[in-house]
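Just so you know, the sequences run in chain order A and B. The opening position of the first sequence corresponds to residue 1 in the working numbering, with each subsequent residue numbered one higher. The opening position of the second sequence corresponds to residue 1001 in the working numbering, with each subsequent residue numbered one higher. Idealized CB from N, CA, C, for every residue including glycine. What follows is a single structure, written as structure tokens, with notes after it.
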Amino acid sequence: MYRYDEFDATMVAERVRQFRGQVERRLSGDLSEEEFKPLRLMNGLYLQLHAYMLRVAIPYGTLSSAQMRALAEAARKYDKGYAHFTTRQNLQYNWPALVDVPDLLDDLAKVEMHAIQTSGNCIRNVTSDQYAGAAEGEVEDPRIWCEVIRQWSTFHPEFSFLPRKFKIAVTASDHDRAAIKVHDIGLRLHKNDQGEAGFEVIVGGGLGRTPYIGHTIREFLPKRHLLSYLEAILRVYNLQGRRDNAYKARIKILVNATGGDDFAGLVEEEWSKIDKKEIDLPAEEIARIEDYFAPPAFEALSADSEAFEQKRKEDQAFDRWARLNTHAHKAPGYAIVNISLKPISGIPGDATDKEMDAVAAIAEQYSFDEVRVTHEQNLVLPHVRKDNLYTVYKALDAAGLATANIGLVSDIIACPGLDYCSLANTRSIPIAQRISERFADLGQQEDIGELKIKISGCINACGHHHVGHIGILGVDKKGEEFYQITLGGSGAEDASIGEIAGRGLSSDEVVDAVEKLVEFYRQHRQGGERFLDAYRRLGADKFKEALYAAA
Amino acid sequence: MPLLKFSGNRLYPAVEEAKNEVTLDEWRANRFAHADATALVVPNDADISDIGADVSGFSAIILEFPAFKDGRAYSQARLLRERFGFAGEIRARGAVLRDQLFFMKRCGFDAFEFSGPNADAAAGAMHEFSFAYQGAADDYDPVWRRRLSRAAAA
């Protein structure tokens, strides 16, 4: 894991001091709420329906046990004993008092954490693959480049007042677990024919009101030029992105209005004029950052663990959990463990202080002190010995964290919705809860197989409904909550935007509708095909018919 | 509107100098008629690549922030300083508030028509950060370069 040196530590400490001054000016009345707003929004502090909400950055979703404990402690000390993991691998506190926020940030700074650029029209916290450094088939650890981008983008003087917010995701695997095609910039590290590593640069993807799959503007960018190339993209966007209409201000609108190829031309022209040696990091600095992401000291183990196989035979529930919640690791004898934050009837992504402490303790003992946050609002223990899986499972189960539903129908992404958010039209959380209750039987869920349901409480699409296999969008219809179903979306390497199925459904109808779709799929699936595969094979009309015919 | 200037690593209130201003449109229409202009006012949608090479005769370029959120002039200032080597004054006009001064300075602005409250206290904004991660138009050495020199000295 990256560790701060005195430069990094000083930057964060100075930022907290600066923000403390801004809060003092607000509390003394020197600043009006209107004047304070842009300042707090530079530091992740939103005013929600009922209270302030503070968003804390978890750079590329990686946490140490000490950091997880500090997050738990802050939840106890400054909030109501819980926090919420977001689709951008961040964490949100829903109830901090304004006067406490500088102290909370001081506490987090002690464990190298902050809320810098978690809001505002700037380059946001960079996200990545939650299996980085653990999964097989990676070119290298993508977090090296996430950290390079984190430093370059922090307090970037030219790009802190962009037309709109700006999100970058990085992966180094063919399996896209970071949704890179629906980001402002998606970076895929891969190797060219000469065996050199470089980035495919994808620009202009996004969700929100106007969903787009990104354009590849460069197939291969040598790694060392990443920052100068990003600077060229951001400069073109800063100068030419629309500012007359907030809904048309994201880079996706500029890219699609200009045309992908022409936009690529603008970037290449700007890049050709940039003095690269002033921006691109020298090899020594890249190597310094790289060292922090060296693999932990894995023991030389055989690929199979007898103890593990034996326990699977003895304990059915463990066997199911191992099947669904673990993933192959690159090191023999190790596994990647997913921790579902989607218990049946639970609030997707929420975790209590006790749960966070439990995860911290387990990670410290069994996963080289590391935890990851996923964009699907779950947690990951990246490096667990197979011999220890049963012990880890038991410890998770004791903490209520062993729901075996990763990738299944109850592993739902949901935005905070009208329960918290001032932009929402409808509630999202209760819909997610009711769907998970309807499909509570884990055996049945496993039989249904991979099915990604994503729920947004308004058109801003924070719940990623456009890329849900089944997407649910809340709309306000004359003061009543209605839900529109979209079908066939995907945020993975086979990215696509879901299609609207038909008329909106009432809150009472929506869970039945999901069940109808699932039933139709079960009757018509072939072999091992997923819901999404069946949808793509059979076509939208068949599913729409199943959804509305008997209604 | 107090005028603040940044020089010698400090921000200080400056006496308002009378500039003979000309807008970019006026100047383009007839350069000879504006031969005595000392300051060029450039709107924030103007392409600096078109004019950067021709403006060295002005003692000041005035760039505009119609709203604090509209950050186009940050890019314009960097291009003027870094790509076209403009050495005169670059002045910020419009929504010029305390908490943007540091970013403006880093992009090459050295004069500010300050529009916020408490101009006297604004100088502190220039010194809230000891380091910068990235190079820009000012003389901050980016952190990576400091790390290199520290490693070389060790």
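Looking at the C-beta of residue i, does it have a partner C-beta in chain A at a distance below 7 Å?
| i | result |
| --- | --- |
| Tyr1074 of chain B | yes |
| Leu1063 of chain B | no |
| Ala1136 of chain B | yes |
| Lys1019 of chain B | no |
| Arg1150 of chain B | no |
| Val1143 of chain B | yes |
| Arg1106 of chain B | yes |
| Gly1071 of chain B | yes |
| Tyr1133 of chain B | yes |
| Arg1091 of chain B | no |
| Phe1006 of chain B | no |
| Ser1056 of chain B | no |
| Asp1099 of chain B | yes |
| Phe1086 of chain B | no |
| Gly1078 of chain B | The sequence given here has Arg at residue 1078 of chain B, not Gly. By this cut-off, Arg1078 of chain B is an interface position. |
| Phe1216 of chain B | It is not possible to answer for residue 1216 of chain B, since the shown part of chain B is limited to 1001 through 1154. |
| Phe1129 of chain B | yes |
Have a look at residue i and residue j and give me their C-alpha separation to the nearest angstrom.
| i | j | result |
| --- | --- | --- |
| Tyr212 of chain A | Glu269 of chain A | 24 Å |
| Lys32 of chain A | Arg26 of chain A | In the sequence as presented, Lys is not what sits at residue 32 of chain A; that position holds Ser. Rounded to the nearest angstrom, the two C-alpha atoms are 6 Å apart. |
| Asn604 of chain A | Val101 of chain A | The structure shown does not extend to residue 604 of chain A, since chain A spans only 1 to 551, so no value can be given for it. |
| Gln445 of chain A | Phe1068 of chain B | 51 Å |
| Ser119 of chain A | Ile1061 of chain B | 32 Å |
| Ser340 of chain A | Lys277 of chain A | 44 Å |
| Ile185 of chain A | Gly1135 of chain B | 22 Å |
| Trp145 of chain A | His383 of chain A | 21 Å |
| Ala399 of chain A | Ala331 of chain A | 28 Å |
| Gly21 of chain A | Ala232 of chain A | 34 Å |
| Lys1019 of chain B | Gln377 of chain A | 57 Å |
| Lys165 of chain A | Arg250 of chain A | 7 Å |
| Gln505 of chain A | Ala513 of chain A | Before going on, a small fix: residue 505 of chain A reads as Leu here, not Gln. For Leu505 of chain A and Ala513 of chain A, the distance between alpha carbons rounds to 8 Å. |
| Ile435 of chain A | Phe543 of chain A | 19 Å |
| Leu98 of chain A | Phe19 of chain A | 11 Å |
| Tyr521 of chain A | Gln365 of chain A | 42 Å |
| Ile202 of chain A | Thr1038 of chain B | 44 Å |
| Leu1101 of chain B | Glu158 of chain A | 12 Å |
| Val126 of chain A | His1034 of chain B | 49 Å |
Between which two residues does the beta strand (DSSP E) holding residue i run?
| i | result |
| --- | --- |
| Arg209 of chain A | Segment: none, Arg209 of chain A is in no beta strand (DSSP E) and carries neither H nor E. |
| Glu1082 of chain B | That residue, Glu1082 of chain B, is in no beta strand (DSSP E); it is neither H nor E in DSSP. |
| His215 of chain A | His215 to Pro222 |
| Met595 of chain A | Absent from the model: residue 595 of chain A. The displayed extent of chain A is 1 to 551, so no value can be given. |
| Thr625 of chain A | Only positions 1 to 551 of chain A appear in this structure, which leaves residue 625 of chain A out of reach. |
Start and end of the alpha helix (DSSP H) containing residue i?
| i | result |
| --- | --- |
| Thr10 of chain A | Glu6 to Leu27 |
| Lys577 of chain A | Absent from the structure is residue 577 of chain A, since the part of chain A shown begins at 1 and ends at 551. |
| Pro1013 of chain B | Where Pro1013 of chain B is concerned, there is no enclosing alpha helix (DSSP H), although the beta strand (DSSP E) it sits in stretches over Arg1010 to Ala1014. |
| Ser422 of chain A | Segment: none, Ser422 of chain A is in no alpha helix (DSSP H) and carries neither H nor E. |
| Lys454 of chain A | First-last for Lys454 of chain A: Ile453 to Ser456, but that is the beta strand (DSSP E), not the alpha helix (DSSP H). |
| Glu285 of chain A | Ala283 to Tyr292 |
Does the beta carbon of residue i sit closer than 7 Å to a beta carbon anywhere in chain B?
| i | result |
| --- | --- |
| Pro157 of chain A | yes |
| Ala551 of chain A | Note that Ala551 of chain A scores 47 on pLDDT, short of 50, meaning its location in the model is unreliable; the coordinates nonetheless yield the value given after this. So, not an interface residue. |
| Leu45 of chain A | no |
| Phe308 of chain A | no |
| Phe531 of chain A | no |
| Thr62 of chain A | no |
| Asn125 of chain A | no |
| Leu239 of chain A | yes |
| Ser228 of chain A | no |
| Thr118 of chain A | no |
| Glu285 of chain A | yes |
| Leu41 of chain A | no |
| Gln444 of chain A | no |
Determine which residues share a DSSP beta bridge with residue i and list them.
| i | result |
| --- | --- |
| Gln484 of chain A | A:Leu473 |
| Asn338 of chain A | A:Val380 |
| Leu189 of chain A | A:Phe199 |
| Leu230 of chain A | Paired residue(s): none; Leu230 of chain A is not in a bridge. |
| Phe1006 of chain B | B:Leu1011 |
| Val170 of chain A | A:Ser128 and A:Leu187 |
| Val1022 of chain B | B:Leu1040 |
| Pro1142 of chain B | B:Ala1132 |
Closest Cβ-Cβ distance between residue i and chain C: below 7 Å?
| i | result |
| --- | --- |
| Gln89 of chain A | The structure shown contains no chain C; its protein chains are A and B. |
Any heavy atom of the ligand COA closer than 6 Å to the beta-carbon of residue i?
| i | result |
| --- | --- |
| Asn90 of chain A | Among the ligands in the structure shown, none appear at all, so the ligand COA cannot be discussed. |
Notebook entry, point to check: Going along the chain, which unbroken runs of the beta strand (DSSP E) with 3 or more residues stay wholly within the region 58–131 of chain A?
Noted result: Fully enclosed beta strand (DSSP E) runs of 3 or longer: 62–64, 82–85 and 91–93.
Note to self: Extract the residue ranges of the alpha helix (DSSP H) inside the region 315–373 of chain A, only unbroken runs of 4 or more that lie entirely within it.
What the structure shows: Taking only runs of at least 4 residues, the alpha helix (DSSP H) segments lying wholly in the region 315–373 of chain A are 316–325 and 353–366.
Notebook entry, point to check: What residue ranges within the region 1029–1116 of chain B form continuous alpha helix (DSSP H) runs of no fewer than 4 residues, ordered along the chain?
Noted result: 1048–1051, 1072–1078 and 1098–1107, all fully within the region 1029–1116 of chain B.
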